[in-house]
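Residue numbers (the working numbering): 2 to 158.
The C-beta atom is built at its ideal place from N, Cα and C for all residues, glycine as well.
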(Lines of atoms letter the chains of each structure in order from A; the text may use other names.)
(Lines give C-alpha, C1' and ligand atoms only; values in the text may rest on other atoms or scores of the structure.)
Protein backbone atom coordinates (compact mmCIF):
# COMPACT_ATOMS: atom_id res chain seq x y z
CA UNK A 2 0.00 0.00 0.00
CA UNK A 3 1.22 3.49 -0.82
CA UNK A 4 1.99 5.91 1.98
CA UNK A 5 -0.78 8.32 2.80
CA UNK A 6 -0.61 11.55 0.87
CA UNK A 7 0.12 14.79 2.68
CA UNK A 8 -0.22 18.42 1.59
CA UNK A 9 2.48 19.33 -0.90
CA UNK A 10 2.74 15.84 -2.45
CA UNK A 11 2.18 15.55 -6.19
CA UNK A 12 -1.21 13.90 -6.68
CA UNK A 13 -0.91 10.67 -8.67
CA UNK A 14 -2.30 11.14 -12.16
CA UNK A 15 -5.01 8.81 -13.41
CA UNK A 16 -7.45 8.23 -16.23
CA UNK A 17 -10.67 6.34 -15.43
CA UNK A 18 -14.05 5.87 -17.08
CA UNK A 19 -16.95 7.82 -15.63
CA UNK A 20 -20.55 6.68 -15.15
CA UNK A 21 -21.27 7.41 -18.82
CA UNK A 22 -18.19 5.54 -20.10
CA UNK A 23 -16.18 8.69 -20.88
CA UNK A 24 -12.52 8.89 -19.89
CA UNK A 25 -11.72 11.42 -17.18
CA UNK A 26 -8.17 12.23 -16.12
CA UNK A 27 -6.76 14.25 -13.29
CA UNK A 28 -4.59 16.03 -15.86
CA UNK A 29 -7.76 17.40 -17.49
CA UNK A 30 -8.52 19.14 -14.17
CA UNK A 31 -5.22 21.03 -14.06
CA UNK A 32 -5.79 24.70 -13.34
CA UNK A 33 -8.73 23.90 -11.04
CA UNK A 34 -9.10 22.75 -7.47
CA UNK A 35 -10.40 19.19 -7.47
CA UNK A 36 -12.02 17.28 -4.62
CA UNK A 37 -11.48 13.54 -5.13
CA UNK A 38 -13.46 11.39 -2.77
CA UNK A 39 -13.14 7.62 -2.51
CA UNK A 40 -16.16 5.63 -1.35
CA UNK A 41 -16.65 1.86 -0.98
CA UNK A 42 -19.78 1.00 -2.96
CA UNK A 43 -22.46 2.66 -5.05
CA UNK A 44 -26.10 2.38 -4.00
CA UNK A 45 -25.37 1.63 -0.34
CA UNK A 46 -26.98 3.83 2.32
CA UNK A 47 -23.81 5.52 3.64
CA UNK A 48 -22.34 6.08 0.18
CA UNK A 49 -25.66 7.46 -1.08
CA UNK A 50 -25.76 9.87 1.88
CA UNK A 51 -22.23 11.08 1.15
CA UNK A 52 -22.86 11.41 -2.61
CA UNK A 53 -26.08 13.35 -2.00
CA UNK A 54 -24.25 15.67 0.41
CA UNK A 55 -21.70 16.40 -2.34
CA UNK A 56 -24.54 16.88 -4.85
CA UNK A 57 -26.32 19.29 -2.52
CA UNK A 58 -23.10 21.27 -1.89
CA UNK A 59 -21.87 21.18 -5.48
CA UNK A 60 -23.00 24.71 -6.42
CA UNK A 61 -21.21 26.19 -3.41
CA UNK A 62 -18.09 24.13 -4.05
CA UNK A 63 -18.04 25.10 -7.73
CA UNK A 64 -18.64 28.77 -6.91
CA UNK A 65 -15.52 28.58 -4.71
CA UNK A 66 -13.56 27.01 -7.58
CA UNK A 67 -13.75 23.30 -6.67
CA UNK A 68 -14.72 20.40 -8.95
CA UNK A 69 -15.81 17.06 -7.45
CA UNK A 70 -14.92 13.54 -8.59
CA UNK A 71 -16.14 10.41 -6.80
CA UNK A 72 -14.13 7.19 -7.20
CA UNK A 73 -15.15 3.65 -6.23
CA UNK A 74 -14.35 0.09 -7.30
CA UNK A 75 -17.81 -0.20 -8.91
CA UNK A 76 -18.40 -0.98 -12.58
CA UNK A 77 -19.41 1.79 -14.99
CA UNK A 78 -22.87 0.16 -15.21
CA UNK A 79 -23.30 0.29 -11.41
CA UNK A 80 -22.17 3.92 -11.36
CA UNK A 81 -24.61 4.83 -14.13
CA UNK A 82 -27.44 3.33 -12.07
CA UNK A 83 -26.26 5.13 -8.90
CA UNK A 84 -26.10 8.51 -10.68
CA UNK A 85 -29.66 8.02 -11.95
CA UNK A 86 -31.01 6.82 -8.59
CA UNK A 87 -29.59 9.76 -6.66
CA UNK A 88 -29.75 12.46 -9.40
CA UNK A 89 -26.03 13.07 -9.03
CA UNK A 90 -24.59 15.97 -10.98
CA UNK A 91 -20.85 15.28 -10.89
CA UNK A 92 -18.69 12.48 -12.35
CA UNK A 93 -18.36 9.14 -10.62
CA UNK A 94 -15.34 7.17 -11.78
CA UNK A 95 -14.86 3.41 -11.96
CA UNK A 96 -11.65 2.06 -10.38
CA UNK A 97 -12.49 -1.66 -10.62
CA UNK A 98 -8.89 -2.75 -10.16
CA UNK A 99 -8.51 -0.23 -7.30
CA UNK A 100 -5.17 0.94 -8.76
CA UNK A 101 -6.02 4.62 -8.26
CA UNK A 102 -7.28 3.96 -4.73
CA UNK A 103 -4.00 2.19 -3.99
CA UNK A 104 -1.95 5.08 -5.42
CA UNK A 105 -3.87 7.47 -3.14
CA UNK A 106 -3.52 5.14 -0.11
CA UNK A 107 -7.30 4.76 -0.06
CA UNK A 108 -7.11 0.96 -0.32
CA UNK A 109 -5.83 -1.12 2.56
CA UNK A 110 -6.54 -3.15 5.63
CA UNK A 111 -9.94 -2.74 7.22
CA UNK A 112 -11.61 -4.36 10.19
CA UNK A 113 -15.31 -5.02 10.50
CA UNK A 114 -16.97 -7.19 13.14
CA UNK A 115 -13.63 -8.73 14.07
CA UNK A 116 -12.79 -9.64 10.49
CA UNK A 117 -9.72 -8.15 8.77
CA UNK A 118 -9.76 -7.69 5.00
CA UNK A 119 -8.51 -5.45 2.19
CA UNK A 120 -10.92 -2.78 1.03
CA UNK A 121 -11.56 0.82 0.18
CA UNK A 122 -10.84 3.35 2.93
CA UNK A 123 -13.30 6.24 2.72
CA UNK A 124 -10.98 9.17 1.95
CA UNK A 125 -11.00 12.65 0.44
CA UNK A 126 -8.06 14.31 -1.29
CA UNK A 127 -8.17 17.93 -2.48
CA UNK A 128 -5.81 18.63 -5.37
CA UNK A 129 -4.79 22.22 -6.11
CA UNK A 130 -4.60 23.76 -9.61
CA UNK A 131 -0.92 22.77 -9.89
CA UNK A 132 -1.64 19.07 -9.23
CA UNK A 133 -0.42 19.06 -5.63
CA UNK A 134 -2.30 17.72 -2.63
CA UNK A 135 -3.82 20.61 -0.69
CA UNK A 136 -5.73 18.46 1.84
CA UNK A 137 -5.78 14.73 2.59
CA UNK A 138 -8.37 13.14 4.87
CA UNK A 139 -8.52 9.39 5.54
CA UNK A 140 -11.04 7.21 7.37
CA UNK A 141 -13.70 9.89 7.04
CA UNK A 142 -17.32 9.29 8.01
CA UNK A 143 -19.95 9.40 5.28
CA UNK A 144 -22.39 11.44 7.34
CA UNK A 145 -21.25 14.98 8.02
CA UNK A 146 -18.06 14.70 5.98
CA UNK A 147 -19.00 17.25 3.32
CA UNK A 148 -19.92 19.81 6.00
CA UNK A 149 -16.55 19.22 7.69
CA UNK A 150 -14.75 19.49 4.36
CA UNK A 151 -16.49 22.80 3.64
CA UNK A 152 -15.32 24.10 7.06
CA UNK A 153 -11.77 22.84 6.47
CA UNK A 154 -11.72 24.60 3.08
CA UNK A 155 -13.06 27.73 4.83
CA UNK A 156 -16.13 27.85 2.57
CA UNK A 157 -18.54 28.30 5.50
CA UNK A 158 -17.96 31.55 7.27
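ask   = Measuring CB to CB, does residue 27 end up less than 8 Å from residue 14?
value = The residue labelled residue 27 in the question sits at position 26 within the chain shown. The residue labelled residue 14 in the question sits at position 13 within the chain shown. Yes, Cβ-Cβ distance for residue 27 and residue 14 is below 8 Å.
request  = Can you tell me which of 44, 19, 69, 107 puts its alpha carbon nearest to the alpha carbon of residue 129?
outcome  = In the chain shown, the residue the question calls residue 129 occupies position 128. Out of 44, 19, 69, 107, 69 has the C-alpha closest to the C-alpha of residue 129.
task = Taking residue 155 as the reference, give the member of 62, 122, 3 with the closest Cα.
result = Translated into the one-based positions of the chain shown, residue 155 becomes position 154. Per the Cα distances, 62.
query = Considering only the beta carbon of each residue, do residue 160 and residue 37 sit closer than 8 Å?
reply = Absent from the structure is residue 160, since the part of the chain shown begins at 2 and ends at 158.
request  = Let me know the beta strand (DSSP E) ranges lying completely inside the region 51-104, each 3 residues or longer, listed in chain order.
outcome  = 67-73, 93-95
query = In chain order, what residues of the same chain lie with their CB nearer than 6 Å to the CB of residue 67, ignoring the 5 residues before and after it?
reply = Here residue 67 is taken as the residue at index 66 of the chain shown, counted from 1. Hits under 6 Å: 34, 36.
ask   = Nearest-angstrom Cα distance between residue 22 and residue 77?
value = Position 21 of the chain shown, counted from the start, is the residue given in the question as residue 22. Position 76 of the chain shown, counted from the start, is the residue given in the question as residue 77. Taking the straight line from one Cα to the other gives about 6 Å.
key: residue 148 - containing alpha helix (DSSP H), residue span   = Here residue 148 corresponds to residue number 147 of the chain shown, with the count starting at 1. Taken as a continuous stretch (DSSP letters only), the alpha helix (DSSP H) holding residue 148 covers 146-153.
ask   = So which of 40, 99, 87, 152 has the shortest CA-CA distance to residue 139?
value = Here the question's residue 139 lines up with position 138 in the chain shown. Ranking the options by Cα distance to residue 139, first place goes to 40.
task = Answer yes or no: do residue 52 and residue 79 have a C-beta to C-beta separation smaller than 8 Å?
result = Locating residue 52 in the chain shown gives position 51, counting from the first residue. Locating residue 79 in the chain shown gives position 78, counting from the first residue. The answer is no: Cβ separation not under 8 Å.
task = Could you name each continuous beta strand (DSSP E) segment of 3 residues or more that falls completely within the region 113-138, going from the start of the chain to the end?
result = 116-121, 124-128
As assigned by DSSP and simplified to three states, the class of residue 29 = The sequence position of residue 29 within the chain shown is 28, counting from 1. Here residue 29 sits in helix by DSSP.
query = Under 8 Å, do residue 94 and residue 18 count as touching if we go by C-beta distance?
reply = Here residue 94 corresponds to residue number 93 of the chain shown, with the count starting at 1. Here residue 18 corresponds to residue number 17 of the chain shown, with the count starting at 1. Contact: yes.
request  = With a threshold of 16 other CB atoms inside 10 Å of the CB of residue 16, please say whether the residue is buried or exposed.
outcome  = Numbered from 1 along the chain shown, position 15 holds the residue referred to as residue 16. Exposed is the call here.
inquiry  = Based on DSSP bridge pairs, tell me the residues matched to residue 15.
reply    = Mapped onto the chain shown, residue 15 falls at position 14. According to DSSP, which records beta bridges pairwise, residue 15 is partnered with nothing at all.
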